[in-house]
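For reference, the structure discussed in these notes is given below.
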Amino acid sequence: MRVWIIFLLCLAGHAMAAPVSYAVCVCVCVCVCVCVDVAQETEVGANPVQIEIGDFDEAIEVVEEEEVVTENACLNHHCKKGKVCEVDESNTPMCVCQDPSTCPAAEGEFEHVCGTDNKTFDTSCQFFATKCALEGTKKGHKLHIDYIGPCKYIEPCLDSELNEFPLRMRDWLKNVLVTLYERDEDNNLLTEKQKLRVKKIYENEKRLQAGEHTLDLLAHDFEKNYNMYIFPVHWQFGQLDQHPVDGYLTHTELSPLRAPLIPMEHCTTRFFEQCDGDNDKYIALDEWAKCFGIKEREYRLHRA
């Protein structure tokens, strides 16, 4: 649980500081908070504009007398992940797919990512550049980052294990918020309204302290202190629902949470697949709440 908390601290900090995500940091920290670049900032490429004016002395003379300065149009032109900016002959910026070979080399295995095609990419930069080249194809549409780290065998999730997953996840989310509250000195991690909600949980003497607990104890605490778990579940949904904010979670929006969890929690993929009750590839708030055992009345009040 301690490892999980480190991960979301990075994720939450990044989300509050820059709504454009996707990390991460992705602080997709393989939950050792390695801050892998899954939710990385939008990459911007810049190519210097070369002016052919003859020799160096003539160039100085032209600049001094005519003060001709050609700005690089790419400086303030942003491209999405996997693309870089280039200018055409008229100095008009445009986004083009990045060559994967131009991505910086990985400094270690912690920068590797495994795609949904079960292929290991050295870095997330290489992954997004490859995905960009497949844009418009069926293969490209289906290709996503599956989890952080090299591809490996993920053992099947048994039904009994799947039923246990929400117990640990709920407890983790609650403890993440409490930790954020304790460390949020500059209001960069939680809003004032959120801090008021978490303060009630933090000051509750009946709160189950962070640590390793039996599944029976987690189930008993959820039943006895149910109200402590409602806000953390809704808060996590709001943290992920960013691109756009529409009340639904896509595979891409889920990535900052699921990608670092899969190597440690082999039921992660099956859990989120089960949350999508109507199999429309989107997880609505009511589906999300139901997955965590939150009653219909609470999530409807939250939506209102």
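Numbered per mature numbering (1 follows the signal peptide of the UniProt record, and there is no 0), the sequence shown spans residues -17 to -1, 1 to 287. The C-beta atom is built at its ideal place from N, Cα and C for all residues, glycine as well.
- Annotation for valine 159: no beta strand (DSSP E) segment contains it, though the alpha helix (DSSP H) segment containing it runs 142 to 166.
- Pairing valine 216 with leucine 201, the inter-Cα distance amounts to about 15 angstroms.
- Under a 10 Å Cβ-count criterion, glycine 194 is classified as exposed, with fewer than 16 other Cβ atoms of the shown protein chains found around its own Cβ.
- When DSSP states are grouped into helix, strand and coil, isoleucine 137 belongs to the coil group.
- With respect to phenylalanine 220, leucine 268 sits close: the two C-beta atoms are nearer than 8 angstroms.
- Beta-carbon to beta-carbon, cysteine 108 and proline 87 are separated by about 7 angstroms, close enough to satisfy the 8 angstroms threshold.
- Contact check for valine 96 against isoleucine 137 fails: the beta carbons are separated by 8 angstroms or more.
- In terms of Cα proximity to glutamate 248, the closest of Leu141, Lys66, Glu175 and Lys102 is Leu141.
- The continuous beta strand (DSSP E) containing lysine 66 extends over residues 66 to 70.
- Around the beta carbon of aspartate 129, a 10 Å sphere encloses 16 or more other beta carbons of the protein chains shown; the residue is thus reported as buried.
- Of the other Cβ atoms in all chains shown, fewer than 16 fall within 10 Å of the Cβ of serine 73; this residue is therefore exposed.
- Relative to phenylalanine 275, the option among Pro246, Asp154 and Leu244 whose CA is nearest is Asp154.
- For methionine 247, there is no enclosing alpha helix (DSSP H), as DSSP marks it with neither H nor E.
- Between glutamine 257 and tryptophan 218, the C-beta gap is not smaller than 8 angstroms, which leaves the two residues out of contact.
- With fewer than 16 other Cβ atoms inside 10 Å of its own Cβ, serine 143 counts as exposed.
- The segment 163 to 179 makes no contact with the segment 197 to 213: fewer than 3 CB pairs, one atom from each, lie closer than 8 angstroms.
- Note that the C-beta distance between alanine 116 and cysteine 80 is below 8 angstroms.
- If you look at cysteine 115, you'll find it in the alpha helix (DSSP H) that goes 107 to 116.
- Ranked by Cα distance from tyrosine 265, the first of His234, Phe214 and Lys278 is His234.
- Leucine 150 and serine 84 have their C-alpha atoms some 43 angstroms from each other.
- Listed in chain order, the beta strand (DSSP E) elements of length 3 or more contained wholly in the segment 71 to 104 are 76 to 80 and 96 to 98.
- With respect to the C-alpha of threonine 99, the residue from Lys122, Thr106 and Cys78 having the closest C-alpha is Lys122.
- Per DSSP, the beta bridge partners of tyrosine 231 are Ala267.
- Using a Cβ distance threshold of 8 angstroms, lysine 114 and leucine 126 count as a contacting pair.
- Tyrosine 212 carries a helical assignment under DSSP once its states are collapsed to helix, strand and coil.
- Between valine 70 and proline 76, the gap from beta carbon to beta carbon is short of 8 angstroms.
- Per DSSP, aspartate 129 is one residue of the beta strand (DSSP E) stretching across 128 to 131.
- Taken through DSSP and simplified to helix, strand or coil, glutamine 225 comes out as coil.
- In the three-state DSSP reduction, glutamine 257 falls in the helix class (H, G or I).
- DSSP places alanine 202 in the uninterrupted alpha helix (DSSP H) bounded by 198 to 207.
- Rounded to the nearest angstrom, the gap between the Cα atoms of isoleucine 213 and lysine 183 is 12 angstroms.
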